[in-house]
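To start, the structure under review is shown below, and the notes come after it.
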C-alpha cells in the first residue's frame, strides 16, 4: 500500500522507520534482532511463547553440535520408509536397500560417515553391489572419504547447514529430551515440537535433496526432480545411479521385468532341467530373463536351453570357463566367480549369475560344489537348490561312457539291435535312423502335449509326478535327439545325455517307461472317464438292482483309474459303461413311454374336462367371493396333463444326456400316474369349500336371490333363483348346480354389497377344542373365507 514505483527505496525506508517506531513505543511487545551479515528481523512477542523461545535459546547454548547428525539421521527414516535407521546404541551405522536397473535387483548399502570411527572400507562387499557414503553436511568441499576411491562406492554429499538451521535442530533436540520444559510450559511444548519438526523436515529436504549432490568418480550430480519426488529410497537411488550403471556396465542385458529368486528357481527347475519347459509361464520367464542372457534358443514354438557349443560362445560363459581353466582342475570359489561377473563391463547381479551357472550345469560343463563337498549335477536341477549352501564350481566328475555303453543305450532306447557299435560308420547311420524313428513315434504319441491340454481339476499329485518325470527323462531325450538329427550335437554327446537322463541305469529306464505308460493310460482314459462321470453325476437312481450295481462299479473304477491308471481299467470301464448305458436307456425309455405316451392318462383328463363337476368348479372359481388356491392348484395339474404325449426320440436323447427334453423324471413317476386322482380331489375340495363359503353368506344371498326370482322374466332363471333361496334358507346341502343356477348365482354375487354383515357365534363352553384341532379348523375357516372384504360382528 505504501509502495512507490517511482521511488522504491523510499518505500523501504518508510517500512523500516515504521518498524523502528513500533519498537520504540512498544519495546515490551516487539522483538528486534540484529546479526552481522543479515538484515534486521522484527517479530511480535507472545508472552508464553516468547518465554519458551528464550528458554530454548538459552538451553541450546549448552547442547553439543554432535546431536545434529543424530537428528538428521532420524529424519532420513521419516522421509523414506525403507531407510532403516539403526538405533543410537547400535554398533552398525549402515542400512541396505535395493536398486533396480535393467531388471537387475542391486543391493546397495548406505553408510553414515558421521565421525563414528567405523571403517569405510567395503567390508562384506560380497553381500552388496554398491556402497554409498552419506557424508556430513559440514564436510562439503573437503577431501572425500577413503572409500570413495573404490569402484563400487559413491558419496552422497548434503549441503552445508546455515547457522539458523543448526540452531533450529538444536532447539528441536531440546524439545525432545528436556522433560523440565514440559513441566514449565505444558501444552506449549507440544505445539512448539510440531512446529520445529516441520522446520527440521524442510531443512533435511533442502540439504539432502534440493541442494545435496551425488559424487560419482569426482563428478557432482544434482538430484533430479523425479528423484526428489520419490517415495522410497530404492526408487530415488534407481533414478540417480542410472547414469553410473549405464557407463560402467554397457554389456549388462536388459530384462523385461525384475529378476528375483522366484524366477530363478522356476527357470532352473522347470526349463533347464527339462521338466516343464513348454509351460506358458516358463516360456514367458525364458523370454524375459534367459533370452537376454543368451541361454536359450527357439526350437519349434518353444524356447529351450541352447546347445553347449552356442553357450560356450557367450562372453559371460567364457569368463567362467577361463576361471576353471586357470584353476588347474580345482574348485573355483563362487565368490571369485561373482566378483568376475559383477565387474565391468557386465555388472551382473547375483540372480543373473545363478542362471548362467545353472545353464552350464544343465549342459554338463560344470557342477556345483556345496559347503559339505557334495556335487550337484544336471540330474538334481529339478530339485530346490539352496544357493547359500553352494560355495564353488568345478568341472564335472562324471566319467564319460565307452562306445560300447553308448551303443547299448541306443539299443535300449530305440528297441533296435541291428547295429553293433557307433564306431562303425554304417552302424552310426543305423543308430541315427533308429533315433529318428523313435522321435517320430514319440511325437506321434504326443503324451506331454496331450497332458498339458488336460484340465487341471481332473489331475492329482501322482499324475503330476508322472508327467514331471516323463518330461525330465523322455522329454529331455526327445530334445536331445532333435539336436543330433539337426547335426547341432554329436551322436556321442546325445547318447551320453540319454544315459544321464536315466542315471545310467537300465532299471531306472524301465521304471520311467512304466511311469510313461501309466501316464499315457491315464490320458487315454481321461475322455471316457470324464464323460461317464458327467453322465452319472446327473443320472437319476432307479429301482433296478442290476443298473445300480453297474453304477456302483463304474464309480469305483473311476476312483481307481485316477490313482492307478492302466489299459485294463480303461477297457473294463468301457465294457461296464456299455452295459450300464444300454440298461439305463431301456429302463428310462420304458418308464417314460408308460407315462408320457399314456392314452389312459389323457382319457382320464378328457373325461374330467367334460364332467359336470368340472363345469361347476370352473364357473364357481371365477366368482370373486371365493379364494383362488383351489383353482390355481387345479390349473397346475392341467398344465402337467398338457405336457403328456412327448414327441421326442427319448432313446436318441439318452445317448448324450440321462434325461428327456420333456419334464418327465423317474423320481416323479408316481406323481404322473396319480395326476387324474389328484386333479379330481382338488376339484372336489374346491367345490366343497365353495359350498361352505356360500352357506356363510346365505343371509346376504337369500334376499338377492328372491329379488332376482321376482324380477326376471325367464322362467328357467326365476325357478333357479327361488330354488337356491329355499336351499339357503333351509340350510340344506347344495346339490350339483345347473347352468341356470350358476348364471343366477354369478349375478347375485356381483350385486352383493362390498361389506356384507356376517353373524358369528362362539361355541358353547363344553364344546372347546384342543389346541391342534382349533388350529386346523381355524386354518380351514380362513382358507374358505370369501375374497371380498367383510365386516365381522362378534
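Residue numbers (this note's numbering): 1 to 794.
Just so it is clear, CB atoms sit at the ideal spot from N, CA and C, and this is done for glycine as well.
Note that the coordinates shown come from a computational prediction; the quantities given were computed from them, not determined experimentally.
Rounded to the nearest whole angstrom, the C-alpha separation of residue 78 and residue 208 is 13 angstroms. Looking at the backbone, the Cα of residue 44 and that of residue 242 are separated by about 50 angstroms. When DSSP assignments are scanned along the region 618-657, the uninterrupted stretches of alpha helix (DSSP H) that are 4 or more residues long and fall wholly within it turn out to be 629-642 and 650-653.
A check of alpha carbon separations from residue 136 across 160, 452 and 401 identifies 160 as the nearest.
Residue 384 and residue 83 have their C-alpha atoms some 32 angstroms from each other. At the C-beta level, residue 634 and residue 686 come within 8 angstroms of one another. A residue is called buried once 16 or more other Cβ atoms fall within 10 Å of its Cβ, and residue 358 is buried on that count. Taking a 10 Å sphere around the C-beta of residue 246, we find fewer than 16 other C-beta atoms and assign the residue as exposed.
In the three-state reduction of the DSSP assignment, residue 252 falls in the coil class. Taking the Cα positions, residue 165 is about 20 angstroms away from residue 190.
Under the three-state reduction of DSSP output, residue 155 falls in the strand class. For the 8 angstroms CB-CB criterion, residue 296 and residue 285 do not form a contact. Taking C-beta atoms as the reference points, residue 259 and residue 372 fail to come closer than 8 angstroms.
Going by DSSP, residue 356 is part of the alpha helix (DSSP H) stretching over 350-362.
When Cβ pairs closer than 8 angstroms are counted between the two stretches, the region 253-267 is seen not to touch the region 454-468, the count staying below three. Comparing alpha-carbon positions, the option among 42, 28 and 669 lying closest to residue 17 turns out to be 42. DSSP, read as helix, strand or coil, puts residue 475 in helix.
For residue 6, there is no enclosing alpha helix (DSSP H), since its DSSP letter is neither H nor E. Boundaries of the beta strand (DSSP E) around residue 95: 94-101. Here DSSP, grouped into helix, strand and coil, assigns residue 386 to coil.
The C-alpha of residue 536 lies about 35 angstroms from the C-alpha of residue 278. By the beta-carbon neighbour count (other beta carbons within 10 angstroms, threshold 16), residue 672 is buried.
Residue 404 is a Cβ neighbour of residue 421, given a cutoff of 8 angstroms. Going by beta carbons, residue 172 and residue 194 fall outside the 8 angstroms limit. Cβ contact annotation for residue 366 (same chain, cutoff 8 angstroms, sequence separation greater than five): 320, 324, 357, 360, 393, 394, 395 and 396, in chain order. Of all alpha-carbon atoms in 64, 96, 158 and 238, the one lying nearest the alpha-carbon of residue 103 is that of 238. Non-local beta-carbon contacts of residue 738 in its own chain, meaning distances under 8 angstroms to residues more than five positions away in sequence, involve 720 in chain order. A Cβ-Cβ contact shorter than 8 angstroms links residue 227 with residue 240. In the DSSP assignment, residue 105 is bridged to 100. Under the DSSP assignment, residue 738 falls outside any beta strand (DSSP E); it carries neither an H nor an E label.
Here DSSP, grouped into helix, strand and coil, assigns residue 370 to strand. Selection 645, 676 and 613 evaluated against residue 736 yields 613 as nearest (Cα-Cα). Short of 7 angstroms from the beta carbon of residue 222, and not among the five residues preceding or following it, lie these beta carbons of its own chain, in chain order: 213. Taking C-beta atoms as the reference points, residue 544 and residue 592 fail to come closer than 8 angstroms. Nearest Cα to residue 262 within the set 335, 354 and 210: 354.
Inter-residue distance for residue 299 and residue 518 is about 28 angstroms (C-alpha atoms, whole angstroms).
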